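In order, the protein sequences belong to chains A and B.
In terms of our numbering, the first sequence is residues -3 to 240.
In terms of our numbering, the second sequence is residues 402 to 809.
In this text, a Cβ means the ideal position worked out from N, Cα and C, and glycines have one as well.
It should be emphasised that the depicted structure is a prediction, and the values quoted were computed from it without experimental measurement.
This report refers to the structure that appears directly beneath it.
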Amino acid sequence: MQTTIDPAEVAKFEAMAAEWWDPNGKFKPLHVMNPCRLDYITTQIAAEYGRDLSADRPFDGLRILDIGCGGGLLSEPMARLGATVVGADAAPRNIPVARLHAQQSGLEIDYRNTTAEALAEAGEQFDAVLNMEVVEHVADPAGYLRACHDLLRPGGLMVCSTLNRNAKSFAMAIVGAEWVMRWLPKGTHDWKKFITPDELCALIRGAGLDPVDRKGMVFNPVTWRWSLSPRDLSVNYVTTSIRR
Amino acid sequence: MDNPAQAGITGGMTQDIIIVGGGLNGPALALALAKSGFRVTVVDPRPAPDRAGVGFDGRAYSLAIASRRLLSAIGVWDGLEAQPILKIKASDGRAGQGAAPFFLTFDHAEIEEGPMGFMVEDRHLYAGFVAQMAGIERVRDTVVAQGGGEVTLASGRVLHAALVVGCDGRASGTAERAGIRRIGWGYGQTALVTAVSHERPHDGVAHQLFLPSGPLAILPLLGNRSSIVWSEREANARAIAALPDDEFLAALHPRFGDFLGRIELAGERFTYPLSLSLADRFVAPRVALVGDAAHGVHPLAGQGLNLGLRDVAALAEVLVDAHRRGEDIGALSVLERYQQWRRFDSTAMALGMDGMNRLFSNDNPILRLGRDLGLGAVNALPGLRRGFIRQAAGLSGELPALLRGRLP
Chain A
-3 MQTTIDPAEV AKFEAMAAEW WDPNGKFKPL HVMNPCRLDY ITTQIAAEYG RDLSADRPFD
57 GLRILDIGCG GGLLSEPMAR LGATVVGADA APRNIPVARL HAQQSGLEID YRNTTAEALA
117 EAGEQFDAVL NMEVVEHVAD PAGYLRACHD LLRPGGLMVC STLNRNAKSF AMAIVGAEWV
177 MRWLPKGTHD WKKFITPDEL CALIRGAGLD PVDRKGMVFN PVTWRWSLSP RDLSVNYVTT
237 SIRR
Chain B
402 MDNPAQAGIT GGMTQDIIIV GGGLNGPALA LALAKSGFRV TVVDPRPAPD RAGVGFDGRA
462 YSLAIASRRL LSAIGVWDGL EAQPILKIKA SDGRAGQGAA PFFLTFDHAE IEEGPMGFMV
522 EDRHLYAGFV AQMAGIERVR DTVVAQGGGE VTLASGRVLH AALVVGCDGR ASGTAERAGI
582 RRIGWGYGQT ALVTAVSHER PHDGVAHQLF LPSGPLAILP LLGNRSSIVW SEREANARAI
642 AALPDDEFLA ALHPRFGDFL GRIELAGERF TYPLSLSLAD RFVAPRVALV GDAAHGVHPL
702 AGQGLNLGLR DVAALAEVLV DAHRRGEDIG ALSVLERYQQ WRRFDSTAMA LGMDGMNRLF
762 SNDNPILRLG RDLGLGAVNA LPGLRRGFIR QAAGLSGELP ALLRGRLP
């Protein structure tokens, strides 16, 4: 982070950070989904590394990469649990925003304007890679997942979530979330780039990782809560795979 | 980090919690959170409680089954002296005439959880808390300012926390400092609270008599004693409160009836003006309200403390879950889960108690017939009656772990 920043820029970043972290603002859908994503991520990491989540700073000593970190909605919890976190985002404007919020939260997080491919090329290695709602946005999923593989130490795990491709996911994620509810800007998702769980597993295996778990994430419109489902992977789902 | 102020921080922002108010909800929340690994500080201007071993002052609480489970989970229940409530009789009556022919009986035999609740004396409950609170920091001071997790005390001391919880009653300063507004109204009624000893055993039966001037609750205590919560119109209550003990008893007797034989006063006499006071929000950034600070209800059916303990259980669970996920426990996104969980239940209860009281504190013959038929109908329908019992026992709705007797 530069030490001399234009005050007008700081004000803009503050407003953007406030926007990212407002539970009822523009990113409300992410905030509503976040507890469910975090439950899955923390449980998988704790299980792989034998950590007790009721202990203080259970992820001490673990190095975690958050790809597509945005405002830091996943990076900050990982840092709070004791992990050393690198947050990467290809959108340059997200980085100072995430940095500012981490600073306000008293957390030390290494935010970088970079990509998984660039980090892999630089030889960076992590105990866990969080790859949440990214793969459906990239141009070359196979190449992207190979980079994720290279970023893991042997034994490290990748948590990867995305959207299934079927009539229901079109109705829910495109028609429902973008056109009707306006939760997401129109064009956020390209349904044709959604990936079925079997396709994702094939891609993950092709990248050299072993898929070990998959769960659905199901939204309940009455309670406004997301929960994990062992069976219903029809729209949102999340997977864990290990580099052997 | 390029900000030197952050240089000393390695563990991120504090996840400590400040609880304002050392009554009953405050210590209950403090124990639940401390047992789950949080560092908790209780701030209260009153001296540290040492009510253990004092005599009975007449104050008692009715605890629902769910509340008893919470007290078990936080270590306060074991060894607590309590009178089980085996049966609740609600009836409509007129002073001097005894109960109307229609009445409603709730019997613990209709649900599998055992007694419907327990009566506990304030001195015993307090002693239970005092015994458990030894490891929790208590600061004797008054909060004068708060904001962004920073609390300034009258002494000038400044405390920092991720979250400030207001357990400071219906005149909550915590709510006011957070800019949370309240709505509410007085009932024009005052509760006369005391305890009586009586000739005959109560057999664990609690009575709720709906008298035209206000409800009278006769709640069983250990031995041949009962707790009295007698609500009267303000002017009457003032006059009755001013009476010497023997005349007070003489005024109570026709309402109370003869079913327990001769009665005598067995505790001090207290008066509480009755009012409803609801906070328009239960949370703000780094602030949450619990108990009367969120919702001061009519004390009908003894639901005040039970509602507060349900808040305690829900808030503790939301915070423990958030902490395990690495979330900021003071963030509005986290605290709104608590509000969503509790607001409907507590507001419905507050307004339900309000409606019951309005309906029953009335001598209009049509309302009287209507409510008698209503009580009779509920009494005749076992399913509906069991529903009421489970609701009053705190066993309905989505239960947090503490209300099932486990730490979250």
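List the residues that DSSP assigns as beta-bridge partners of residue i.
| i | result |
| --- | --- |
| residue 82 (chain A) | A:61 and A:106 |
| residue 212 (chain A) | A:225 and A:233 |
| residue 595 (chain B) | B:629 |
| residue 696 (chain B) | B:679 |
| residue 687 (chain B) | Answer is none; residue 687 (chain B) lacks a bridge partner. |
| residue 561 (chain B) | B:551 |
| residue 463 (chain B) | B:520 |
| residue 666 (chain B) | B:597 |
| residue 245 (chain A) | With chain A covering only -3 through 240, there is no way to say anything about residue 245 (chain A). |
| residue 672 (chain B) | B:593 |
| residue 238 (chain A) | A:153 and A:206 |
| residue 546 (chain B) | B:553 |
Can you tell which of the options has the C-alpha that lies nearest to the C-alpha of residue i?
| i | options | result |
| --- | --- | --- |
| residue 193 (chain A) | A:44, A:109, A:43 and A:161 | A:161 |
| residue 264 (chain A) | A:156, A:169 and A:109 | Nothing about residue 264 (chain A) can be read from this structure; chain A reaches only from -3 to 240. |
| residue 424 (chain B) | B:559, B:517, B:705 and B:646 | B:705 |
| residue 556 (chain B) | B:469, B:445, B:536 and B:644 | B:445 |
| residue 490 (chain B) | B:545, B:607, B:478 and B:558 | B:607 |
| residue 59 (chain A) | A:74, A:41, A:80 and A:45 | A:80 |
| residue 87 (chain A) | A:65, A:54, A:144 and A:138 | A:65 |
| residue 678 (chain B) | B:646, B:727, B:582 and B:603 | B:582 |
| residue 24 (chain A) | B:549, B:617, B:735 and B:638 | B:735 |
| residue 125 (chain A) | A:7, A:148 and A:136 | A:148 |
| residue 433 (chain B) | B:587, B:521 and B:471 | B:471 |
| residue 585 (chain B) | B:670, B:732, B:681 and B:666 | B:681 |
| residue 567 (chain B) | B:691, B:805 and B:740 | B:691 |
| residue 439 (chain B) | B:479, B:462, B:721 and B:460 | B:721 |
| residue 665 (chain B) | B:527, B:456 and B:598 | B:598 |
In the DSSP assignment, the beta strand (DSSP E) including residue i goes from what residue to what residue?
| i | result |
| --- | --- |
| residue 629 (chain B) | 626 to 634 |
| residue 420 (chain B) | 418 to 421 |
| residue 607 (chain B) | 606 to 612 |
| residue 149 (chain A) | 148 to 159 |
| residue 123 (chain A) | 122 to 128 |
| residue 370 (chain B) | No statement about residue 370 (chain B) is possible, as the shown extent of chain B runs from 402 to 809 and does not include it. |
| residue 443 (chain B) | 441 to 444 |
| residue 485 (chain B) | 484 to 486 |
Report the three-state DSSP secondary structure of residue i (helix, strand or coil).
| i | result |
| --- | --- |
| residue 583 (chain B) | strand |
| residue 7 (chain A) | helix |
| residue 802 (chain B) | helix |
| residue 728 (chain B) | coil |
| residue 497 (chain B) | Residue placement at residue 497 (chain B) is flagged as unreliable, the pLDDT there being 45, under the threshold of 50; the coordinate-derived value follows with that caveat. Three-state DSSP puts residue 497 (chain B) in coil, outside helix and strand. |
| residue 534 (chain B) | helix |
| residue 39 (chain A) | helix |
| residue 186 (chain A) | coil |
| residue 702 (chain B) | Below a pLDDT of 50, predicted positions are generally treated as unreliable, and residue 702 (chain B), at 48, falls in that range; the measurement from the model is reported next regardless. DSSP places residue 702 (chain B) in helix when its eight states are reduced to three. |
| residue 529 (chain B) | helix |
| residue 541 (chain B) | coil |
| residue 737 (chain B) | helix |
| residue 473 (chain B) | helix |
| residue 25 (chain A) | helix |
| residue 173 (chain A) | helix |
| residue 119 (chain A) | coil |
| residue 98 (chain A) | helix |
| residue 409 (chain B) | Because the pLDDT at residue 409 (chain B) is just 32, under 50, the model does not fix this residue reliably, and the point stays unresolved. |
| residue 207 (chain A) | strand |
| residue 138 (chain A) | helix |
First and last residue of the alpha helix (DSSP H) that includes residue i?
| i | result |
| --- | --- |
| residue 564 (chain B) | Per DSSP, residue 564 (chain B) belongs to no alpha helix (DSSP H); it is in the beta strand (DSSP E), 564 to 567. |
| residue 575 (chain B) | 574 to 578 |
| residue 200 (chain A) | 193 to 202 |
| residue 427 (chain B) | 426 to 436 |
| residue 646 (chain B) | 646 to 657 |
| residue 72 (chain A) | 71 to 76 |
Since residue i meets chain D, which of its residues come closer than 7 Å, beta carbon to beta carbon?
| i | result |
| --- | --- |
| residue 50 (chain A) | Included in the structure are the protein chains A and B, with no chain D among them. |
Quiz prompt | Short-range partners of chain A found in the stretch 721 to 740 of chain B, where Cβ spacing is below 7 Å | solution = Those would be 725, 726, 727, 728, 729, 733, 734 and 737, in chain order.
Practice problem: Note down, in chain order, all residues in the stretch 435 to 447 of chain B with a beta-carbon under 7 Å from any beta-carbon belonging to chain A. | Solution: Residues are counted here when their Cβ sits less than 7 Å from a Cβ of chain A; for the stretch 435 to 447 of chain B these are 438, given in chain order.
Quiz item: Of the residues that make up the stretch 97 to 109 of chain A, which ones have a beta carbon closer than 8 Å to any beta carbon in chain B?
Solution: Listed by position, the residues of the stretch 97 to 109 of chain A near chain B (Cβ gap below 8 Å) are 99, 101, 102, 103 and 104.
Quiz item: Using a Cβ cut-off of 7 Å, which residues of the stretch 161 to 187 of chain A contact any Cβ in chain B, in chain order?
Solution: Hits within the stretch: zero.
Quiz prompt | Short-range partners of chain B found in the stretch 11 to 28 of chain A, where Cβ spacing is below 7 Å | solution = Listed in sequence order: 19 and 27.
Practice problem: For the stretch 133 to 162 of chain A, enumerate the residues whose C-beta is nearer than 8 Å to any C-beta of chain B, in chain order. | Solution: Within the stretch 133 to 162 of chain A, no residue has a Cβ lying closer than 8 Å to any Cβ of chain B.
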